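*Asks:*
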Amino acid sequence: MEFNDLKTFVDRHDNFEIRVIGHAGSHVYQVELEDVEGARHMLTRTGKPVLFRTLEDVYLELKRAGIHRAYLVQQVPHEEMVGREAHYRDPLTSRMPLVF
Numbered sequence: 001m002e003f004n005d006l007k008t009f010v011d012r013h014d015n016f017e018i019r020v021i022g023h024a025g026s027h028v029y030q031v032e033l034e035d036v037e038g039a040r041h042m043l044t045r046t047g048k049p050v051l052f053r054t055l056e057d058v059y060l061e062l063k064r065a066g067i068h069r070a071y072l073v074q075q076v077p078h079e080e081m082v083g084r085e086a087h088y089r090d091p092l093t094s095r096m097p098l099v100f
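Mapping of the sequence shown onto the UniProt record's numbering: residues 1 to 100, in sequence order.
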């Protein structure tokens with residue numbers, strides 16, 4: 001989903017979750033939206049995933065879209081290296097609430 005479409009989506013829907021995915025060791029963040037049907041959409045610009053260097057940059061962008069709450073989840077590369085599903089895909093056990 002394009003960041004430009006996020007504000008429109010937020011205005012029309014109220015049952016979704018925003019996840020800020022932190023990649024361990026790299027200090028880079030991506031934003032993912034999960035809709036009511038469980039479909040996951042990585043937020044993009046001109047078709048390319050948007051990478052943020054700081055959480056402050058993420059907050060500013062999400063605030064512009066009318067979002068005031070998200071969840072921070074940490075991607076742990078160890079999980080994938082040992083053949084398990086990436087840990088951040090289990091949002092109930094790996095998320096930390098962010099309110100801004």
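Yeah, the Cβ is synthetic: ideal placement off N, Cα and C, and Gly gets one too. Remember, predicted model here, so these are calculated numbers, not experimental data.
Would you kindly report the start and end of the unbroken beta strand (DSSP E) that includes leucine 43?
*Replies:* In the sequence shown, residue 43 corresponds to position 43, counting from 1. Here leucine 43 belongs to no beta strand (DSSP E), and DSSP marks it neither H nor E.
*Asks:* Can you list, in chain order, the residues of its chain with a C-beta nearer than 7 Å to that of phenylalanine 16? Leave out the 5 residues immediately preceding and following it.
*Replies:* By one-based count along the sequence shown, residue 16 stands at place 16. Hits under 7 Å: Leu33, Glu34, Asp35, Val36.
*Asks:* For a quick check, are the C-beta atoms of valine 58 and valine 20 less than 8 Å apart?
*Replies:* Taking the first residue of the sequence shown as 1, we reach residue 58 at position 58. Taking the first residue of the sequence shown as 1, we reach residue 20 at position 20. Contact: yes.
*Asks:* Tell me, please, which residues DSSP counts as bridged to aspartate 73.
*Replies:* Here residue 73 refers to the residue found at position 73 of the sequence shown. Checking the displayed sequence, the identity of residue 73 turns out to be valine instead of aspartate. Paired residues: Ile21, Arg95.
*Asks:* Tell me whether alanine 39 is buried or exposed, calling it buried when 16 or more other Cβ atoms sit within 10 Å of its Cβ.
*Replies:* One-based indexing of the sequence shown puts residue 39 at position 39. By the neighbour-count rule (16 or more Cβ atoms within 10 Å), alanine 39 is not buried but exposed.
*Asks:* Short check: CB of leucine 98 to CB of alanine 65, under 8 Å?
*Replies:* For the purposes of this step, residue 98 is identified with residue 98 of the sequence shown, where counting begins at 1. For the purposes of this step, residue 65 is identified with residue 65 of the sequence shown, where counting begins at 1. Not a contact, by the Cβ cut-off of 8 Å.
*Asks:* Closest by CA to aspartate 5, which one among Gly22, Met42, Tyr29, His27?
*Replies:* Counted from its first residue, the sequence shown places residue 5 at position 5. It is Met42 whose Cα lies nearest to the Cα of aspartate 5.
*Asks:* With a CB to CB cut of under 8 Å and the five nearest residues on each side skipped, what residues in its chain are close to serine 1?
*Replies:* Residue mapping note: residue 1 aligns to position 1 of the sequence shown, counting from 1. Serine is not the amino acid found at residue 1; the sequence shown has methionine there. Excluding residues within five positions, the ones whose Cβ falls inside 8 Å are Phe9, Leu33, His41, Met42, Leu43, Thr44.
*Asks:* Give a yes or no on whether the C-beta atoms belonging to tyrosine 29 and phenylalanine 3 are separated by under 8 Å.
*Replies:* Looking up residue 29 in the sequence shown gives position 29. Looking up residue 3 in the sequence shown gives position 3. Cβ atoms of tyrosine 29 and phenylalanine 3: not closer than 8 Å.
*Asks:* Could you tell me the boundaries of the alpha helix (DSSP H) in which valine 58 lies?
*Replies:* Walking along the sequence shown from the start, residue 58 turns up at place 58. Looking at the DSSP string, the run of the alpha helix (DSSP H) that includes valine 58 is 55–64.
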